[in-house]
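Here the structure is laid out as structure tokens; the discussion comes afterwards.
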Amino acid sequence: KKTKKWSTTKSSDNERAFNTYILDPIFKLFDAIMNFKKDETTKLLETLKIKLASEDRDKEGKPLLKVVMRTWLPAGDTLFHMITIHLPSPVTAQKYRAEMLYEGPSDDACCTGIRNCDAEAPL
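In structure tokens form, the structure reads like this:
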């Protein structure tokens, strides 16, 4: 029974808010688009306030799904931000990756060039 109230007590019929408010709409939209349910797709797009260009509204299947997800939940900027925050710079990373990338001796000119990100190093 849904009461539209948050509950801290555990119950077998409780559903997590993330599932209800995040995953369910994504799954419903995915199902409607990939199973070519045009009426249901239109209704969901209106409910979720997703505005598409006129040429995009005529698409079906995977092309429509790509446009909708790119419009509704753009991941590119978020991924770029996370990469710049959490991944080391190439110069820093090469210092500990050089031995894994190069199979020769670790003290020769090629390995040193890889380790130092030296564009002038021998190939």
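Taken in order, the sequence shown gives residues 590 to 712; the numbers are from my numbering.
The C-beta atom is built at its ideal place from N, Cα and C for all residues, glycine as well.
Because the structure is a prediction, the values reported are computed rather than measured.
In this structure the segment 627-635 does not lie against the segment 595-611, because fewer than three pairs of beta carbons, one per stretch, are closer than 8 Å. Looking at the backbone, the Cα of L712 and that of I639 are separated by about 51 Å. Here F625 has E649 and G650 as same chain residues with Cβ atoms under 8 Å from its own Cβ, once five neighbours each way along the sequence are excluded.
Rounded to whole angstroms, H675 and D628 show a C-alpha spacing of 42 Å. In the displayed model, S600 falls within coil according to three-state DSSP, outside both helix and strand.
Taken through DSSP and simplified to helix, strand or coil, W595 comes out as coil. Distances from the CA of I615 to each of D602, T631, W661 and R646 were compared; the closest alpha carbon is that of W661.
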